[in-house]
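Each remark here refers to the structure printed beneath this line.
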Amino acid sequence: MSTAIVDGIATAILVLGTAVWLGGFVTIVVVSRVASHTLEPAARVAFFRVLGRVYGIVSASALLLAVVGAGLLVRHRAWGATLLAATVVVAALVVATAIGVRQARAMTRLRRAALAAPDDDALATRVRAGGRRAVVLRAAIGGLTVAAVTLGVLLAR
């Protein structure tokens, strides 16, 4: 297959993966805010448990597509500071996302336990602290996403 065809396919894969990743990230923020204002705690926990499983497949696929597309596009490029920085940022994004998945699953279990024991102040404190850590982690994923896209733009020039 010619380099031009591979690059064209890689570009399409990269754009699709990046669009779904970014759109999904923004959508999750919006859905989270709406759900927290409209759903009762038990319904919210159940909703996010199901949403997380479905969204996890979509977002992991999107991130994989973006990484594969980008990798194909830089396959002949000499390593320089920008490519190294992009590689480190994307690796950190993948790790932060994996940590985010584990943390979200742990929070679902914790919130379910808190719903079953509404008078347990220690459990409620753990839920609040976990929620704060989740916000910080999601912000880090967002920041790494912006950094990855910015470095991708610089590499495309």
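Mapping of the sequence shown onto this note's numbering: residues 1078 to 1234, in sequence order.
We put the beta carbon where it would ideally sit given N, CA and C, even for glycine.
Asked                                                                                            : Found
For residue 1116, the three-state DSSP class (helix, strand or coil)                             : coil
Residue 1154 versus residue 1098: straight-line alpha-carbon distance, rounded                   : 25 Å
Of the listed residues 1202, 1196, 1108 and 1214, nearest to residue 1033 (C-alpha basis)        : Any answer about residue 1033 is impossible in this case: the structure gives the chain only from 1078 up to 1234.
Bounding residues of the alpha helix (DSSP H) (the contiguous stretch that carries residue 1188) : 1158 to 1193
Residue 1196 - DSSP class collapsed to helix/strand/coil                                         : coil
Residues near residue 1166 in its chain [Cβ-Cβ closer than 7 Å; skip 5 each side]                : 1221, 1224, 1225 and 1228
Sub-8 Å separation of residue 1122 and residue 1200 beta-carbons                                 : no
Alpha carbon of residue 1095 to alpha carbon of residue 1196, nearest angstrom                   : 44 Å
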